[in-house]
């Protein structure tokens, strides 16, 4: 039986944008594990009750509930040691952990001014009140006041990616010659603004832009085939 | 003949505080290479003329001049391949490069409000006009206006270290079980405010504080024996 993953979705169930769910899907692909996703909305907390918490990614594997993208990554390596390892050694794990934390503490905060208002536009109506209340409480401003200066917000976002850009100047991936969990952490994080913003956020002609294209091409290019608000708009 | 390293010094030649020179000294220790340092001041640019530039770290190795801490690290591994490697594989190099860049783009900027005014106090009189002019131009404010709210500056500094702190919660070093160049990059960077600030900047009771103590203890604890403004003041 394949793994079941609750995956955050917009009003359109095909629009998947959670930076944390992306990390988990990329980890599952790396391991070569079969999985199916259930589109989940912020207010579908009852569905996750058996996991004892109310956030995604949450997966069910042979009746076992596991949540939190980092814990899931550790779980997958432990449970499926014969599949390609996410953390082959201590160094790959510290690198992944550092990049994962850097994404949470730096890249994600720098993406908010670009992404949050756009997330609000594409989520299910039933989620809107919850989303507005929780984000406005956390950020301390009305959603409408976020990222009004798109150019400044994009500059901060790009500038904040500098350590990765510099590293990728002479390495194919953040883990060296092959992608590792740290690459998935950053790629998954960037897929958040990439998926929900009406304008592209990744600067194609940059080291990180070329790495982003390489990440898109992994595993038969399945991520590139996933909808964004831009290609959904173009399809109309 | 040992390697000669030009090493930034204060008015007191024993006070060495450059975050980049620290990275190089830590790299030389890792390689187990003999070196001697020449105390150098910001305005001693003539001494570096043969290197074609005016900054430290700059070293002379068998008549060859090499500058820039990252270039020096690569040079040392290339020139002394039989000595312990700074970059044993591609992954350790990407990890080191990322951490090195993160220090330059995040940790150093977050340290300025704590360090820069204190650096001004301890440098040689002949350096003061140059230091003030160049820093005020770069930072856009008079030195006297930097870090006036010490508590806020320290909070920003500590908060910015979060990705490393989280990583060190379950790993001895940023490279895993043993220290690598990424550890030296961060340790060297932190030795800048650590050396020049009248109050300690590292929170001892934190993962990063315990890692800092482990770094201090490496190679017989030679760094712990180097002067800071605090122990120079205590010795008076």
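Protein chains in written order, with the working numbering: chain A, 120 to 355; chain B, 120 to 355.
All C-beta atoms, glycine included, are put in the ideal place defined by N, C-alpha and C.
In this text the structure is predicted, and so the values were computed from the model without any measurement.
- Residues of chain A whose Cβ lies closer than 9 Å to the Cβ of residue 294 of chain B are, in chain order, 209, 210, 213, 214.
- Among the residues of the segment 219 to 253 of chain A, those with a Cβ less than 9 Å away from any Cβ of chain B are 219, 220, 221, 222, 223, 224, 225, in the order of the chain.
- C-alpha of residue 124 of chain A to C-alpha of residue 355 of chain A: approximately 29 Å in a straight line.
- When the Cα atoms are used, residue 308 of chain A and residue 202 of chain A turn out to be separated by approximately 24 Å.
- In the DSSP assignment, residue 197 of chain B falls within the unbroken alpha helix (DSSP H) covering 188 to 198.
- Between the segment 211 to 223 of chain A and the segment 274 to 291 of chain B there are three or more C-beta pairs closer than 8 Å, enough to call the two in contact.
- Around the beta-carbon of residue 245 of chain A, fewer than 16 other beta-carbon atoms lie within 10 Å, marking it exposed.
- For residue 341 of chain B, the three-state secondary structure derived from DSSP is coil.
- Interface flag for residue 203 of chain A against chain B is unset, since no Cβ pair is found closer than 8 Å.
- The Cβ atoms of residue 320 of chain A and residue 328 of chain A do not sit closer than 8 Å to each other.
- Residues of the same chain with a CB within less than 7 Å of the CB of residue 315 of chain A, apart from the 5 flanking positions on each side, are 136, 234, 237, 238, 241, 348 in chain order.
- Just so you know, the alpha carbons of residue 178 of chain A and residue 172 of chain B end up roughly 56 Å apart.
- Interface with chain A (8 Å Cβ-Cβ cutoff): residue 331 of chain B is excluded.
- Under the 8 Å criterion on CB atoms, residue 282 of chain B is classed as interfacial with respect to chain A.
- Here residue 321 of chain B carries a coil assignment [DSSP, helix/strand/coil].
- Here the alpha carbons of residue 157 of chain B and residue 191 of chain B stand approximately 17 Å from one another.
- The DSSP-derived three-state label of residue 260 of chain A is coil.
- Taking the CA atoms as reference points, residue 345 of chain A sits about 25 Å from residue 266 of chain A.
- Bounds of the alpha helix (DSSP H) holding residue 351 of chain B are 348 to 354.
- Where residue 284 of chain B is concerned, the enclosing alpha helix (DSSP H) starts and stops at 281 to 287.
- Taking the beta carbon of residue 175 of chain A as reference, no residue of chain B falls within 9 Å; the closest one sits roughly 21 Å away.
- Judged by their CB atoms, residue 248 of chain A and residue 301 of chain A are not nearer to each other than the 8 Å cut-off.
- Counting only Cβ-Cβ distances below 8 Å, residue 206 of chain B has no contacts in chain A at all, with the closest Cβ about 10 Å away.
- For the segment 268 to 279 of chain B, the residues whose beta carbon sits under 9 Å from a beta carbon of chain A are, in order, 278, 279.
- For chain B, none of the residues of the segment 307 to 333 of chain A brings a beta carbon within less than 9 Å of one of its beta carbons.
- Counting only residues of its own chain and dropping the five nearest sequence neighbours on each side, residue 333 of chain B has a CB closer than 7 Å to the CB of 291.
- Within 10 angstroms of the beta-carbon of residue 261 of chain B lie fewer than 16 other beta-carbons, which makes it exposed.
- With respect to the 8 Å criterion, residue 138 of chain A and residue 310 of chain A are classified as neighbours on the basis of their beta carbons.
- In the three-state reduction of the DSSP assignment, residue 123 of chain A falls in the strand class, which pools E and B.
- The beta-carbon separation of residue 294 of chain B and residue 213 of chain A, rounded to 6 Å, stays under the 8 Å limit for a contact.
- In chain order, 209, 212, 213, 216 make up the part of chain B whose C-beta sits under 8 Å from the C-beta of residue 290 of chain A.
- In this chain, the alpha helix (DSSP H) harbouring residue 143 of chain B covers 138 to 150.
- For the beta strand (DSSP E) assignment, the segment 205 to 236 of chain A encloses no uninterrupted run of at least 3 residues.
- Scanning its chain for C-beta atoms nearer than 7 Å, with the 5 sequence neighbours on each side dropped, one finds around residue 227 of chain B the residues 138, 308, in chain order.
- Neighbours of residue 286 of chain B in chain A, taken as residues whose beta carbon is under 8 Å from its own, are 213, 216, 217, 220 in chain order.
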